[in-house]
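Following: one structure in structure tokens, then a few remarks.
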Amino acid sequence: MASGFKLLLLLLLPFASVAINITLGCWEDVAEFLSDLNAEEPKAYAVKMYDSVGKPGSSVLGGNVDRLGSYTECISAEAPSGRFRGQYCKLQVQQDRIDYYNGLCAPSSCHEEEITALAMLGVFKFKTISFLLPFPSLFAVNSTASFPTVARCAKNLFPIDVFVAVCLFVSVSFIILPIIGTIYTADVWEKAKRNELPSDGLPPANYGSTCFVARDASESKAERKHSHEPASAALAAFDGSKQSTLDCVLKCFSLQNHLPAIWLMKPCKEVSLSLNGIRALSLLWVISGHTSQMTAWQNLDNELEWEAKVLKNPLYIFSLSGPFYLGVDTFFLISGFLSCQSFLNMLNLSEKRITFRLTVKYLWRRFFRLQPLHIYSLCLLIGFYSVAPWGTFWELSKLEVDNCRRTWWANLLLINNFIAGQESCNGWTWYLANDFQFYFTTPLLVYISMRSKQGIIILGTLLFLMTFTVTALLSSFYRLPVANPRDMRKTATVMYFAEYYSKPYCRYGPFLVGILLGLYMNQQQTPVLRSKVQASIGWLSAMFSMFMVVALAYTLQDPLDYSPATAIYQATHRTVWAIAVGWIIFACEEGYGGIINWMLSWGFWSVVAKISYACYLVHPMLILLYNGLQETSMHYSDMNMFYLFLGHCLMTFMVGLALTVMVEMPLQALRRAVQRQVVQL
Numbered sequence: 115m116a117s118g119f120k121l122l123l124l125l126l127l128p129f130a131s132v133a134i135n136i137t138l139g140c141w142e143d144v145a146e147f148l149s150d151l152n153a154e155e156p157k158a159y160a161v162k163m164y165d166s167v168g169k170p171g172s173s174v175l176g177g178n179v180d181r182l183g184s185y186t187e188c189i190s191a192e193a194p195s196g197r198f199r200g201q202y203c204k205l206q207v208q209q210d211r212i213d214y215y216n217g218l219c220a221p222s223s224c225h226e227e228e229i230t231a232l233a234m235l236g237v238f239k240f241k242t243i244s245f246l247l248p249f250p251s252l253f254a255v256n257s258t259a260s261f262p263t264v265a266r267c268a269k270n271l272f273p274i275d276v277f278v279a280v281c282l283f284v285s286v287s288f289i290i291l292p293i294i295g296t297i298y299t300a301d302v303w304e305k306a307k308r309n310e311l312p313s314d315g316l317p318p319a320n321y322g323s324t325c326f327v328a329r330d331a332s333e334s335k336a337e338r339k340h341s342h343e344p345a346s347a348a349l350a351a352f353d354g355s356k357q358s359t360l361d362c363v364l365k366c367f368s369l370q371n372h373l374p375a376i377w378l379m380k381p382c383k384e385v386s387l388s389l390n391g392i393r394a395l396s397l398l399w400v401i402s403g404h405t406s407q408m409t410a411w412q413n414l415d416n417e418l419e420w421e422a423k424v425l426k427n428p429l430y431i432f433s434l435s436g437p438f439y440l441g442v443d444t445f446f447l448i449s450g451f452l453s454c455q456s457f458l459n460m461l462n463l464s465e466k467r468i469t470f471r472l473t474v475k476y477l478w479r480r481f482f483r484l485q486p487l488h489i490y491s492l493c494l495l496i497g498f499y500s501v502a503p504w505g506t507f508w509e510l511s512k513l514e515v516d517n518c519r520r521t522w523w524a525n526l527l528l529i530n531n532f533i534a535g536q537e538s539c540n541g542w543t544w545y546l547a548n549d550f551q552f553y554f555t556t557p558l559l560v561y562i563s564m565r566s567k568q569g570i571i572i573l574g575t576l577l578f579l580m581t582f583t584v585t586a587l588l589s590s591f592y593r594l595p596v597a598n599p600r601d602m603r604k605t606a607t608v609m610y611f612a613e614y615y616s617k618p619y620c621r622y623g624p625f626l627v628g629i630l631l632g633l634y635m636n637q638q639q640t641p642v643l644r645s646k647v648q649a650s651i652g653w654l655s656a657m658f659s660m661f662m663v664v665a666l667a668y669t670l671q672d673p674l675d676y677s678p679a680t681a682i683y684q685a686t687h688r689t690v691w692a693i694a695v696g697w698i699i700f701a702c703e704e705g706y707g708g709i710i711n712w713m714l715s716w717g718f719w720s721v722v723a724k725i726s727y728a729c730y731l732v733h734p735m736l737i738l739l740y741n742g743l744q745e746t747s748m749h750y751s752d753m754n755m756f757y758l759f760l761g762h763c764l765m766t767f768m769v770g771l772a773l774t775v776m777v778e779m780p781l782q783a784l785r786r787a788v789q790r791q792v793v794q795l
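For any residue, its number in my numbering is found by taking its place in the sequence shown, counting from 1, and adding 114.
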């Protein structure tokens, strides 16, 4: 029977190959595989290949429509003839309105187009049973026909070329350099203890430590004040007599210089401690949202059950329900507040004169604060994603790498927020581009505030009205949903991300609130709140505003008739949220924070805040990596998602800490060293 089956396939070759261009080698290997599978005594490799093919599962009504099969079992199969191995492919199948994937194990000699054509011919069968069984009439009107549209195979997905090699080199270099620097610094200290060399640094506990609480600002006053003294000891390499350039570079990369600064919980003066808690909690909110979002994109076997339970339930706002994205707007508020403080500090050191040179210096500091770790994260993603042993879910990871090959330059110039969402590299870094573009407005606003209080009120009002108007018009024209959408097949969803979500003219409101808050608090030399009644009114107003922002998101969510109220909400709710959070910062500074200030000022938050930038950059990479290494779909439950969140947080904090002390802080120390050398020239 087996030989007859193989002969039949070979006889069909001339008629099929003319129309679909199937190579002889592919056809022969498929014939051999199916012949060995349908033999009276099937061969073990053929059984293994068939066993790895996706089969219909249960809970179709809950969304379990994908039939993924077994990736590892497929690629482990090898024909006795040695002509081919198993090649795992996913066929995208359309049956009525059901669109799903069917895992298929085919000979490695076949290309994607050939496998698609063979599947459409119905060649893949065991006995008379097709590998691609349609859903029964219980779930689809047409229960007799399914149409494979395209095959995607896990073969040569991530080619290693010069681009990837450079990224791998950069990634590995910043692992090796800290190791060498740490060993070198330890050796210097050991020799100093034995009095073989004069000790020209500080004791190990403080050597090179810096105050890093205001890390997200371009250069805060507190950071400058606390960082100059240790930097002068750690970076004495450029004094021309005692140390060489190599000595300085190695000490900049030593972990002894940077780890103490992370664990040091001593508060920095002139920086609100509540900012640490707000930043850390916002980061946790973002990680929670991305954990749910990125898992739901590709890994759930009960997606419909998850949608019904989570998306419209306010209890899940910490996950992916309603306006869960407000944590990012809190980041913008903090960034605006610190940008104002940073520029005012620089202004105080320059005799309170705003010059072109001062503005360029301010923007350059911010650019160099953001870009080293940002660019390194791109190299890390491209390099390690290209060598990772991906499983069944490789699509999003491949999309990220392919996008970075095409649009890395946009990230380098910090204009990636104007690249279409599905084509952007490290899509979550749109935030950095917006943040840097917003920084251009800080010097102007500070200048106007110094000239006229009425002027800053008028300008601030105009800027708010401009961003509100643009956002409302875009929302009305494209009928944008008020909550973060997820169905990319809908035009409104595509336009939400392409024209609204990452655009600076729609997201400027919270940053402007931060700048105005910083200007106001800087100008007030005496306490503003003089009674508990005033503070209570402020707290009640802030809490009510937050409640309304959240509640209206569910009330106005995707109405059939797009009303003006929906457009107004879309335009203003982020700014209203930022004003409410700004009140919390203000009240805590005024001494009316109470238990909220006590919780936000916990020492643990300062550690998280110091590594928050690295954590923001790396956490989506870790989530995509974890999801992409899975072979089977995950089942949603509250407990499973909670454990995923805890695991992603732990890994994010570990990798974020490593990136902070091995990449971010060494490069900032090196920047200060170069600046000191330039000043001495």
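For every residue, glycine included, the Cβ atom is placed at its ideal position computed from N, Cα and C.
Under the three-state DSSP convention, the category Y214 falls into = strand
K269, buried or exposed, once every other Cβ within 10 Å from all chains shown has been counted against 16 | exposed
Is S655 near the ligand SAH, judged by its Cβ being under 7 Å from some heavy atom?
-> In the structure shown, the ligand SAH is absent, as is every other ligand, since no ligand is present at all.
CA-to-CA distance, Q536 to S563, given in whole angstroms = 40 Å
Alpha helix (DSSP H) segment containing V560, residue limits = T555 to R565
Cβ pair V278, I496 closer than 8 Å = yes
Tell me whether E745 sits in a helix, a strand or coil according to DSSP, three-state version.
-> coil
Could you give the distance in angstroms between the alpha-carbon of P678 and the alpha-carbon of G450?
-> 29 Å
With DSSP as the reference, label K339 as helix, strand or coil.
-> Low confidence applies to K339: its pLDDT is 40, below 50, so where it sits in the model is not reliable, and the reading given next is rough at best. In the structure shown, K339 sits in a helix (DSSP, three-state: H, G or I).
Contact belief for H749 with N416 at Cβ below 8 Å, rounded distance in angstroms | 6 Å
Is R785 helix, strand or coil by DSSP?
-> helix
Ordered list of alpha helix (DSSP H) runs contained in the stretch 609 to 657, each at least 4 residues | 618 to 637
Can you tell me which of S402, V144, F445 and K646 puts its alpha carbon nearest to the alpha carbon of I629?
-> F445
Please list, in chain order, all residues of the same chain as P503 whose beta carbon is under 8 Å from its beta carbon, the five residues on each side excluded.
-> L743
Which of helix, strand or coil does DSSP assign to E465?
-> coil
Span of the alpha helix (DSSP H) holding Y499?
-> F470 to V501
For Y668, the nearest candidate out of V722, Q648, G196 and Y430 (CA to CA) | Y430
Taking the CB atoms as reference points, tell me whether L771 and I737 lie closer together than 8 Å.
-> no
Is T296 buried or exposed, if buried means 16 or more other CB atoms sit within 10 Å of its CB?
-> buried
May I ask you to report which of helix, strand or coil DSSP gives D314?
-> Bear in mind that the predicted position of D314 carries a pLDDT of just 46, short of 50, making it too unreliable to give a figure here.
Do T506 and Y740 come within 8 Å of each other at the CB atom, strictly closer than that value?
-> no
N- and C-terminal bounds of the beta strand (DSSP E) containing L182 = Taken as a continuous stretch (DSSP letters only), L182 belongs to no beta strand (DSSP E), as it is neither H nor E.
Could you say if the stretch 688 to 704 and the stretch 616 to 632 meet the contact criterion of at least three C-beta pairs nearer than 8 Å?
-> yes
Beta-carbon separation of I229 and L218 under 8 Å?
-> yes
Given N390, which residues of its chain have a CB within under 6 Å of its CB, disregarding the five upstream and five downstream residues?
-> W719, S720 and A723
Using the C-alpha atoms, what's the distance from L397 back to Y730?
-> 7 Å
Since I205 is in the beta strand (DSSP E), which residue starts that stretch and which ends it?
-> Per the sequence shown, the amino acid found at residue 205 is Leu instead of Ile. It spans G200 to Q209 - the beta strand (DSSP E) in which L205 sits, taken as one unbroken run.
Contact between the stretch 704 to 720 and the stretch 461 to 478 (3+ Cβ pairs under 8 Å) | no
Please determine, among V769, F147, Q206 and K365, the residue with the shortest C-alpha to C-alpha distance to R199.
-> F147
Between which two residues does the alpha helix (DSSP H) harbouring A268 extend?
-> Taken as a continuous stretch (DSSP letters only), A268 belongs to no alpha helix (DSSP H), as it is neither H nor E.
Y553 to C366, Cα distance in whole Å?
-> 28 Å
When DSSP labels each residue in this structure, what does T766 get in the three-state scheme?
-> helix
Excluding five sequence neighbours on each side, which residues of the same chain lie with their C-beta closer than 6 Å to the C-beta of S589?
-> A681 and Q684
Beta-carbon contacts of N413 that lie in its chain and below 8 Å, excluding the five residues immediately before and after = F507, N741, Q744, S747 and M748
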